[in-house]
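So for the sequence shown, the working numbering puts the first residue at 6; every next one is plus one.
The structure under discussion appears below in the form of structure tokens.
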Amino acid sequence: MPIEKAERRVLVLANPGLGLENMQATPTIYVGMQLIMPGETAPNHRHTPSAVRFVVEGEGAATIVNGEVCPMEKGDLILTPPGLWHQHEHNGTGPVIWLDALDLPLVYALEASYCIEGPEQVGRNEADSSQTRFTRAGVLPYSLLRNTPPPYPLIRFPWSEVREALQAYGSSLGPDELVQLAYVNPTTGQPCLPILGFSAIMLRSGEERSLRRRSASAVLHVISGSGQAEIDGMSFSWDESDTLAVPTHAEVRLVNASGNRPAYLFVVDDAPMQHKLGFYEEF
6 MPIEKAERRV LVLANPGLGL ENMQATPTIY VGMQLIMPGE TAPNHRHTPS AVRFVVEGEG
66 AATIVNGEVC PMEKGDLILT PPGLWHQHEH NGTGPVIWLD ALDLPLVYAL EASYCIEGPE
126 QVGRNEADSS QTRFTRAGVL PYSLLRNTPP PYPLIRFPWS EVREALQAYG SSLGPDELVQ
186 LAYVNPTTGQ PCLPILGFSA IMLRSGEERS LRRRSASAVL HVISGSGQAE IDGMSFSWDE
246 SDTLAVPTHA EVRLVNASGN RPAYLFVVDD APMQHKLGFY EEF
């Protein structure tokens, strides 16, 4: 089908070791690259799988989640949690690409997957919560202390703020410490979605870092920079926008090839699910 006529254009990053027909990057994680063109929209819908959109390139698009309009800029993380209505639109001038990440393999295995469409949403005429309600760490609207907060109070995590936080955190750490920040629910401090976890890593210039072995599987997506990864003894070169799959219990070593600038990676893992099931481990 011509690219101009497709409503959804998704390249599924299917791991051949798990069977291409299964559409799995790891046994629990689905990832795919989605592209939309100027003027395009997608119907309002909701589904049981948890999903996120991590913007790879482009500007001018927006995702509307339960009436909240979330601008989509490079590096932004936007949640589309289970059961919440969402749709997208593109009022910019060029293509926009994002990485979809879902717990679809698990939901499929449980035979619990469904998706339904609904009437078009009208976005609220206000900035998203990342710009109004949760602008500083350690403080939140006082009303949330009196009332039960919503399960997903923060939908958009702007990359400009996450990158700034990584740089500030990195400046306070010793050279032997990993610079990694988790995306969390600001009212609980817990992972922002129930099954999958998300974090960002900054590799300082020239840094070589071995990650802790974990029982969780993961996907690494390169936001910027270039380098090498060694995963269970196999070497891979990576560059901006590349995506790597990390099996459970794997030994992982990352190298930033640049001697004068940091590299940034986005991480998806199934650690929250494993914590809930009681068998998460680090080695």
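Virtual Cβ for every residue (Gly too), placed ideally from N, Cα, C.
- Residue 277 sits in a helix when the DSSP states are folded into three classes.
- Taking C-beta atoms under 8 Å as the contact rule, residue 208 and residue 261 qualify, at a distance of about 4 Å.
- For residue 91, the number of other beta carbons within 10 angstroms of its own is at least 16, and it is reported as buried.
- Close CB contacts of residue 288 within its chain, under the 8 Å cut and outside five residues either way in sequence, are with 217, 218, 219, 254 (chain order).
- Residue 62 holds the alpha-carbon nearest to the alpha-carbon of residue 82 among 62, 221, 96.
- Around the Cβ of residue 248, a 10 Å sphere holds 16 or more other Cβ atoms; the residue is buried.
- A distance of 9 Å or more separates the beta carbons of residue 32 and residue 18.
- Rounded to whole angstroms, the Cβ separation of residue 191 and residue 158 is 6 Å, and the two are in contact under 8 Å.
- Nearest neighbour of residue 272 by Cα position, chosen from 283, 80, 66, 213, turns out to be 80.
- When rounded, the separation of the alpha-carbon atoms in residue 168 and residue 187 is 12 Å.
- In the three-state reduction of the DSSP assignment, residue 144 falls in the coil class, being assigned neither a helical nor a strand state.
- DSSP, reduced to helix, strand and coil, places residue 35 within a strand of the structure shown.
- Closest in alpha carbon position to residue 225, among 97, 25, 139, 34, is 34.
- Rounded to whole angstroms, the separation of the alpha carbons of residue 53 and residue 237 is 34 Å.
- When DSSP states are grouped into helix, strand and coil, residue 85 belongs to the strand group.
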